[in-house]
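Trainee:
In our numbering, the protein residues as written are 88 to 377.
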């Protein structure tokens with residue numbers, strides 16, 4: 088029975104992974120083929136290199152990206168591990184097919200370049216985020232970034248990614264468009280893409296975390312509950328100067344509720360010390376489930 092349940096679970100997971108790959112691949116294909124290619128925008132990653140080949144010689148973006156991924160995948164296989172590698176190969180094949188055969192079925196946008204850049208960044212970012220959330224990747228730059236990070240732990244993913252993206256965008260501008268406007272649009276696309284990935288993966292559950300140092304911790308916690316419906320946690324602390332023991336009120340909330348909490352604390356204790364921090368993701372009761 089356990090074996091049967093396990094097979095059903097894996098079949099369900101595999102089916103969902105395929106559907107997400109298709110959906111994410113469609114968004115990436117539309118952003119790259121229907122918006123970026125027509126406007127001659129530089130793109131990041133292997134798709135950006137494939138786009139250069141498409142704009143210069145008309146080579147299919149999907150198949151070119153797939154061919155470019157082969158030596159990268161072989162080189163990075165041992166570092167990335169078998170499971171992640173196989174998931175990524177599946178995603179690469181699906182995305183490449185959709186890029187060459189599905190995207191051309193939709194009309195190519197030939198309007199305002201700024202609108203095209205915005206659509207490129209949002210659609211591509213949404214597609215990448217969906218794929219990343221299923222613990223997969225589109226290969227190429229992702230393989231190189233993760234491999235370099237494994238080989239050189241002192242380097243941050245942000246630095247490696249920025250260096251690679253900068254080189255590919257500059258190549259696209261120098262070889263294809265040869266104008267400063269395309270460079271600016273490429274930067275805008277990269278910013279929108281990365282922002283979209285972060286917002287989809289973490290922003291839906293984003294909020295605020297506040298730490299309140301006050302002499303009226305119990306009253307503050309009760310008022311926060313009445314005003315916003317949020318509970319609070321007492322943290323034991325000691326002042327470094329006075330040596331006095333105090334309760335610090337910790338409360339996680341969404342962005343809208345933060346204003347109400349600040350008002351409540353100010354009303355009860357104008358001298359309270361309040362720290363407000365960004366919280367990328369909040370999981371648990373009252374928020375997103377684990």
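Where a beta carbon is used, it is the ideal one built from N, C-alpha and C, also for glycine.
Determine the burial state of residue 332: buried for a count of at least 16 other Cβ atoms within 10 Å of its Cβ, exposed for fewer.
Mentor: Translated into positions along the chain shown, residue 332 becomes position 245. Classification for residue 332: exposed.
Trainee: Verify whether the separation of the beta carbon atoms of residue 366 and residue 296 is less than 7 Å.
Mentor: Counting from 1 along the chain shown, the entry for residue 366 is found at position 279. Counting from 1 along the chain shown, the entry for residue 296 is found at position 209. For residue 366 and residue 296, yes; Cβs fall inside 7 Å.
Trainee: Suppose you measure from the CA of residue 187 to the CA of residue 120; what does that come to, to the nearest Å?
Mentor: Numbered from its first residue, the chain shown carries residue 187 at position 100. Numbered from its first residue, the chain shown carries residue 120 at position 33. C-alpha separation (whole angstroms): 9 Å.
Trainee: Residue range of the beta strand (DSSP E) that residue 262 falls in?
Mentor: Residue numbering aside, residue 262 sits at position 175 when the chain shown is read from its first letter. No beta strand (DSSP E) holds residue 262; DSSP gives it neither H nor E.
Trainee: Can you tell me the Cα-Cα spacing of residue 284 and residue 334, whole angstroms?
Mentor: Translated into positions along the chain shown, residue 284 becomes position 197. Translated into positions along the chain shown, residue 334 becomes position 247. So the two alpha carbons sit approximately 38 Å from each other.
Trainee: With DSSP as the reference, label residue 379 as helix, strand or coil.
Mentor: Because residue 379 is not part of the residues shown, which for the chain are 88 to 377, the question remains open.
Trainee: Can you grab the Cα-Cα spacing for the pair residue 217 / residue 239, in whole Å?
Mentor: Translated into positions along the chain shown, residue 217 becomes position 130. Translated into positions along the chain shown, residue 239 becomes position 152. Cα to Cα, residue 217 sits roughly 28 Å from residue 239.
Trainee: According to the neighbour-count rule (16 or more other Cβ atoms, all chains shown, within 10 Å of its Cβ), is residue 320 buried or exposed?
Mentor: Sequence index remark: in the chain shown, residue 320 carries index 233 (1-based). By the 10 Å Cβ count, residue 320 comes out exposed.
Trainee: To which residues of the same chain is residue 197 closer than 7 Å at the C-beta, ignoring the five residues directly before and after it?
Mentor: One-based indexing of the chain shown puts residue 197 at position 110. So the list reads 125, once near-sequence residues are dropped.
Trainee: Under 8 Å, with one C-beta from each stretch per pair, do the stretch 225-240 and the stretch 299-319 reach the 3-pair mark?
Mentor: With a cut-off of 8 Å, the stretch 299-319 and the stretch 225-240 do not count as touching, because too few Cβ pairs lie within range.
Trainee: Could you give the DSSP three-state label for residue 360: helix, strand or coil?
Mentor: Along the chain shown, read from residue 1 onward, the residue named residue 360 stands at position 273. If DSSP states are grouped into helix, strand and coil, residue 360 belongs with the strands.
Trainee: Identify whether residue 229 lies in helix, strand or coil by the three-state DSSP scheme.
Mentor: Translated into the one-based positions of the chain shown, residue 229 becomes position 142. In the structure shown, residue 229 sits in a helix (DSSP, three-state: H, G or I).
Trainee: Between which two residues does the beta strand (DSSP E) carrying residue 324 extend?
Mentor: For the purposes of this step, residue 324 is identified with residue 237 of the chain shown, where counting begins at 1. Here the beta strand (DSSP E) through residue 324 covers 320-325.
Trainee: Residue 347 by DSSP, collapsed to three states: which one?
Mentor: By 1-based counting over the chain shown, the position of residue 347 is 260. Reduced to three states, the DSSP call for residue 347 is helix.
Trainee: Can you tell me whether residue 259 is buried or exposed? The criterion is at least 16 other CB atoms within 10 Å of its CB, across all chains shown.
Mentor: Position 172 of the chain shown, counting from 1, holds the residue named residue 259. Looking at its Cβ environment, which holds 16 or more other Cβ atoms inside 10 Å, residue 259 is buried.
Trainee: Using a Cβ-Cβ cut-off of 7 Å (strictly less than) and excluding sequence neighbours within five positions of residue 88, which residues of its own chain qualify?
Mentor: Start at 1 with the first residue of the chain shown, and residue 88 comes out as number 1. Because the pLDDT at residue 88 is just 47, under 50, the model does not fix this residue reliably, and the value given afterwards should be weighed accordingly. Within the same chain, residue 88 has no close Cβ partners at all.
Trainee: Taking C-alpha atoms, which residue in 211, 175, 173 and 205 lies nearest to residue 190?
Mentor: Here residue 190 refers to the residue found at position 103 of the chain shown. When each option's Cα is compared against that of residue 190, the closest is 211.
Trainee: Could you check where the alpha helix (DSSP H) with residue 284 kicks off and where it finishes?
Mentor: Taking the first residue of the chain shown as 1, we reach residue 284 at position 197. Unbroken alpha helix (DSSP H) run through residue 284: 267-288.
Trainee: To which residues of the same chain is residue 151 closer than 6 Å at the C-beta, ignoring the five residues directly before and after it?
Mentor: Sequence index remark: in the chain shown, residue 151 carries index 64 (1-based). If we look at residue 151 and ignore the five residues flanking it on each side, its Cβ neighbours are 137 and 140.
Trainee: Is it the case that the Cβ atoms of residue 344 and residue 301 are separated by a distance below 7 Å?
Mentor: Sequence index remark: in the chain shown, residue 344 carries index 257 (1-based). Sequence index remark: in the chain shown, residue 301 carries index 214 (1-based). Going by C-beta atoms, residue 344 is not nearer than 7 Å to residue 301.
Trainee: To the nearest angstrom, how far is it from the Cα of residue 194 to the Cα of residue 179?
Mentor: Walking along the chain shown from the start, residue 194 turns up at place 107. Walking along the chain shown from the start, residue 179 turns up at place 92. Answer to the nearest angstrom: the Cα atoms are 23 Å apart.
Trainee: Am I right that residue 352 and residue 359 are in contact with their C-beta atoms under 8 Å? What's the rounded C-beta distance?
Mentor: Here residue 352 refers to the residue found at position 265 of the chain shown. Here residue 359 refers to the residue found at position 272 of the chain shown. About 5 Å; that satisfies the 8 Å criterion.
Trainee: Thinking residue 294 and residue 342 are a contact (beta carbons under 8 Å), I'd like their distance in whole angstroms, please.
Mentor: Along the chain shown, one-based indexing puts residue 294 at 207. Along the chain shown, one-based indexing puts residue 342 at 255. Residue 294 to residue 342, Cβ: 6 Å. Contact.
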